[in-house]
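Participant: I'd like to ask some things about the structure below.
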Amino acid sequence: MHGETTPLIHHERRLSHVSEIDENEVVSYVRQKRESIVSAKDDMPRPVIVSHHEVASPTGLAPRGSREDFSSLSPQVSRSTSHSQTVGEILLHHSQDIGPEPKTSLWRETKILLKCSVPIVITFLLQYSLTFASVLSVGRLGSTELAAVSLSSMTANISGYAIIQGVSTCLDTLCAQAFGKKELNQVGVAFLRCNYLLLLCCIPTVMIWINSRTILGLLVPEQPELCELASQYLQVLSIGLPGFLLFENAKHFLQCQGIFHASTCVLVICAPVNAILNYTLVWNKSIGVGFIGAPISVVITNWLMCGLLYGYIFFIDGYQCWPKQNLLDKVFFRNWDRMIKLSIPGVLMVEAEWLAFEIITFEAAKFGTTTLAAQSIVSTTLVVLYQIPFGMSVVCSTRIAWYIGAASRFAAQLATKASVYTSIVFGFINCAILLTFRHSLAKLYTKEQEVIDVAAKVLVVGAAYQISDFVSCSTGGVLRGQGRQYIGGILNLIGYYLIALPFAYYFAFVCKLELIGLWFGMIIALLVVSFSQLYFTVTSDWGKIIDECVSEGVADEGNLTIDAHSLLPSMSSTIVV
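For what it's worth, the working numbering labels the leading residue of the sequence shown as 1458, then goes sequentially.
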């Protein structure tokens, strides 16, 4: 529900100049990508791992550099090296060897976008439902309890979940590189090293959550009862933190092997279990314990997800990369430097992004329990709706990256147009739905009319927020697919800290608009971010982008992994507002 929910890390690029690249490698690389698109047709691309010694592709082409790989190329290609030509010039000169660009249309790209978005959106909704169920069950207890969930959840995000999400992104590089080189044991070594690092990071986090009563009391001194409830929530939640981090790391561990469905299957099981637990532990007259039942449900669900996913690894698939060493072998406790270097940027960007929302939540608390409860309703509702553009942006970035890798400029432009146009249409649809049902949606969370009225008023602003949110996600997906996510990172930091927070403070406190004023600041920032990203998308230099992508794919000394997950924002939709 914010501009671009990604840590927006600009990955280190190891580009060789085009003059150092053998033309046969450029031609072979692009030909393989184009043939893989033809073979996949309307499906999403399967993982493609390019190691230093070979090129693995869905079409089963021979390794790069082998005699068979170049047997169909002209003699001129197989022995020539470019000393001054760009990738575009090489491809133009050898157009007969690489084959035609994939044929597509705006309507076809739109259909593929919608078709492939559905399962991704469902997965994200299932993951977020774990939090949504807690908010719904606790909200019916009263406005104070609802506000406490909002405060404790945001605190948990900043001090725990965001750190886990940021650190776990290092596996996208370390595990993927090892898997690309077929060093399966090293995949597991990197995985367990990250587990131990995060378990170590959990110690200060758990200490903060256990002593959160004092910390929250300093931040929100006006609401002692609220701080007490939020502290109780965090203290119980700390028991499930290790289970959550082990699940997240295992998810990355499997995804780097091309196993994407396992975590989805686990969520399909755990989401309804979590809902039943919330109802039973919060509302059941025999064994229900009220407010504290919500975090207990989360703890049980976190450990259940962890157990099921590790059970999948040990008994079904993924065990091939489990390390052969003893779990306490010293190999897992050394060479952490690269892992930490890869983790720090992710943590900093995720923390910077979510800190802005934490500040908004604390500011809302200054207006009283009713306002903070309404803030919880608004933010939770918008996060649920956000899963739609978020899922669409994943498909968009993957599709565009696929076409760029195949040096298919026209197809990439059509996929971009389809994404932007579709996002605008769905943005207006979401806006209309939210405007029409805002009172009914607010009533799902609480029975207190005062909270419902405040939330319904702010949801009018939230409805307008939808259009910019869709456009921001769409254009952010395009930039990720182009490998220019750093643009979104800069724009988001400017939007949150130089625009959103100052305007939010002005409208909320100077103009005395309170919660509506806080969201006015957010929507102004999102408008700036979305239109700025749209500008960079429209003015894209596709020729330069394709040259850089193909050059990197050919010249990378390690490996290049192209798959849906590598283009995903690392900020998981499990993180809540």
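Backbone N, C-alpha and C define an ideal beta-carbon position, used for all residues, glycine too.
1) Could you say if the segment 1573-1580 and the segment 1844-1853 meet the contact criterion of at least three C-beta pairs nearer than 8 Å?
2) I'd like to know if the segment 1580-1592 and the segment 1725-1733 are in contact, where contact means that at least 3 CB-CB pairs between them fall below 8 Å.
3) Using only CA atoms, which one of 1914, 1932, 1866 lies nearest to residue 1878?
4) Please state if the CB of residue 1685 and the CB of residue 1670 are separated by a distance shorter than 8 Å.
5) Which same chain residues, not among the five before or five after residue 1885, have their C-beta less than 7 Å away from its C-beta?
6) Tell me which same chain residues have a C-beta within less than 6 Å of the C-beta of residue 1763, skipping the five on either side of it?
7) Take the Cβ of residue 1998 as the centre, count every other Cβ of all protein chains shown within 10 Å, and call the residue buried at 16 or more, exposed below.
8) Tell me whether the segment 1767-1778 and the segment 1621-1631 touch, counting them as touching only if at least three CB pairs, one residue from each stretch, are closer than 8 Å.
9) Compute the distance between the beta-carbons of residue 1907 and residue 1748, then report whether it is under 8 Å.
10) What's the C-alpha gap between residue 1790 and residue 1654?
11) Would you call residue 1679 buried or exposed, if buried means 16 or more other Cβ atoms sit within 10 Å of its Cβ?
12) For residue 1674, collect the residues of the same chain with a Cβ closer than 8 Å to its Cβ; drop the 5 residues on either side in sequence, then sort them by chain order.
13) Quick one: residues in its chain with C-beta nearer than 7 Å to the C-beta of residue 1819, no 5 flanking neighbours on either side, listed in chain order?
14) Classify residue 1708: buried if its beta carbon has 16 or more other beta carbons within 10 angstroms, exposed otherwise.
15) So what does DSSP say about residue 1450, is it helix, strand or coil?
16) Is there a C-beta anywhere in chain B that falls below 8 Å from the one on residue 1623?
17) Any heavy atom of the ligand GDP closer than 7 Å to the beta-carbon of residue 1962?
18) Can the beta-carbon of residue 1927 be found closer than 8 Å to that of residue 1881?
19) In chain order, what residues of the same chain have a beta carbon less than 8 Å from the beta carbon of residue 1918, not counting five sequence neighbours either side?
20) Once the 5 residues before and after residue 1698 are set aside, which same chain residues still bring their CB inside 7 Å of it?
21) Residues in the same chain with beta-carbon distance under 8 Å from residue 1739, minus the five sequence neighbours each way, listed in chain order, please.
22) Taking the straight line between their C-alpha atoms, what separation do you get for residue 1929 and residue 1786?
23) Taking residue 1959 as part of the alpha helix (DSSP H), name the residues at either end of that continuous run.
24) Using a 10 Å radius around the Cβ and a threshold of 16 neighbouring Cβ atoms, would you call residue 1714 buried or exposed?
25) Sort 1721, 1624, 1967, 1756 by Cα distance to residue 1794 and report the nearest one.
26) Tell me the rounded alpha-carbon separation between residue 1757 and residue 1867.
27) Quick one: what's got a C-beta closer than 6 Å to residue 1934's C-beta in the same chain, skipping five residues either side?
28) Cα-Cα, which of 1694, 1779, 1826, 1687 is closest to residue 1635?
29) Look up residue 1888 in the DSSP assignment and say whether it is helix, strand or coil.
30) By the three-class DSSP mapping on this structure, what secondary structure does residue 1722 have?
31) Mind pulling the alpha helix (DSSP H) runs of 4 or more residues that sit fully within the segment 1787-1843?
32) Helix or strand or just coil, what does DSSP make of residue 1560?
33) Please report the straight-line C-alpha distance between residue 1960 and residue 1817, rounded to a whole angstrom.
34) Any idea if residue 1591 is buried or exposed, counting beta-carbon neighbours within 10 angstroms, 16 or more meaning buried?
Facilitator: Let me spell this out:
1) Touching, yes, given that three or more Cβ pairs across the two stretches are closer than 8 Å.
2) Yes, since at least three Cβ pairs between the segment 1580-1592 and the segment 1725-1733 fall closer than 8 Å, the two stretches touch.
3) In the sequence shown, residue 1878 corresponds to position 421, counting from 1. Checked all of 1914, 1932, 1866; the closest Cα to residue 1878 is 1932.
4) Position 213 of the sequence shown, counted from the start, is the residue given in the question as residue 1670. Position 228 of the sequence shown, counted from the start, is the residue given in the question as residue 1685. Yes, these two residues count as a Cβ contact at 8 Å.
5) Mapped onto the sequence shown, residue 1885 falls at position 428. Here the set comprises 1924.
6) Residue numbering aside, residue 1763 sits at position 306 when the sequence shown is read from its first letter. Answer for residue 1763: 1700, 1703, 1704, listed in chain order.
7) For this step, residue 1998 is matched to residue 541 along the sequence shown. Around the Cβ of residue 1998, a 10 Å sphere holds fewer than 16 other Cβ atoms; the residue is exposed.
8) No, because fewer than three Cβ pairs between the segment 1767-1778 and the segment 1621-1631 fall closer than 8 Å, the two stretches do not touch.
9) Taking the sequence shown and counting its residues from 1, the one referred to as residue 1907 is at position 450. Taking the sequence shown and counting its residues from 1, the one referred to as residue 1748 is at position 291. The beta carbons of residue 1907 and residue 1748 sit no closer together than 8 Å.
10) As a first step, residue 1790 must be located in the sequence shown, where it is residue number 333. As a first step, residue 1654 must be located in the sequence shown, where it is residue number 197. Residue 1654 has its alpha-carbon roughly 9 Å from the corresponding atom of residue 1790.
11) The count along the sequence shown starts at 1 and reaches residue 1679 at position 222. Classification for residue 1679: exposed.
12) Sequence index remark: in the sequence shown, residue 1674 carries index 217 (1-based). Excluding residues within five positions, the ones whose Cβ falls inside 8 Å are 1681, 1684.
13) To locate residue 1819, count along the sequence shown from 1; it is residue 362. So the qualifying residues of the chain are 1676, 1677.
14) Numbered from 1 along the sequence shown, position 251 holds the residue referred to as residue 1708. Buried, because 16 or more other Cβ atoms sit within 10 Å of the Cβ of residue 1708.
15) One cannot answer for residue 1450 here, as it falls past the ends of the chain, which runs 1458 to 2034.
16) Of the chains in the structure shown, none is chain B; there is only one protein chain.
17) As presented, the structure is devoid of all ligands, the ligand GDP included, so that no description of it is given.
18) Position 470 of the sequence shown, counted from the start, is the residue given in the question as residue 1927. Position 424 of the sequence shown, counted from the start, is the residue given in the question as residue 1881. For the pair residue 1927 and residue 1881, the CB atoms are nearer than the 8 Å cut-off.
19) Along the sequence shown, one-based indexing puts residue 1918 at 461. Closer than 8 Å at Cβ, skipping near neighbours: 1973, 1976, 1977, 1980.
20) As a working mapping, residue 1698 is identified with position 241 in the sequence shown. Same-chain partners within the cutoff: 1617, 1659, 1662, 1663.
21) Position 282 of the sequence shown, counted from the first residue, corresponds to residue 1739. Exclusion of the five residues before and after residue 1739 leaves 1594, 1595, 1598, 1745, 1746, 1747, 1748, 1750, 1751, 1754 as the residues of its chain whose Cβ lies within less than 8 Å of its Cβ.
22) Taking the sequence shown and counting its residues from 1, the one referred to as residue 1929 is at position 472. Taking the sequence shown and counting its residues from 1, the one referred to as residue 1786 is at position 329. Approximately 46 Å between the Cα atoms of the pair.
23) Against the sequence shown, residue 1959 aligns to sequence position 502. 1958-1962 is the extent of the alpha helix (DSSP H) around residue 1959.
24) Indexing the sequence shown from 1 puts residue 1714 at position 257. Buried, since its Cβ has 16 or more Cβ neighbours within 10 Å.
25) By one-based count along the sequence shown, residue 1794 stands at place 337. The candidate whose alpha carbon is nearest that of residue 1794 is 1624.
26) Your numbering for residue 1757 matches position 300 in the sequence shown. Your numbering for residue 1867 matches position 410 in the sequence shown. One C-alpha to the other measures close to 50 Å.
27) Numbered from 1 along the sequence shown, position 477 holds the residue referred to as residue 1934. Excluding positions up to five away in sequence, the list reads 1850, 1853, 1854.
28) The sequence position of residue 1635 within the sequence shown is 178, counting from 1. Residue 1779 holds the alpha-carbon nearest to the alpha-carbon of residue 1635 among 1694, 1779, 1826, 1687.
29) Along the sequence shown, one-based indexing puts residue 1888 at 431. Of the three classes helix, strand and coil, the one that applies to residue 1888 here is helix, per DSSP.
30) Here residue 1722 corresponds to residue number 265 of the sequence shown, with the count starting at 1. Looking at residue 1722 - three-state DSSP - the assignment turns out to be helix.
31) Runs found: 1794-1822.
32) Start at 1 with the first residue of the sequence shown, and residue 1560 comes out as number 103. Correct three-state label for residue 1560: coil.
33) The residue you call residue 1960 lines up with position 503 of the sequence shown. The residue you call residue 1817 lines up with position 360 of the sequence shown. The alpha-carbon of residue 1960 is positioned some 11 Å away from that of residue 1817.
34) Taking the first residue of the sequence shown as 1, we reach residue 1591 at position 134. With 16 or more other Cβ atoms inside 10 Å of its own Cβ, residue 1591 counts as buried.
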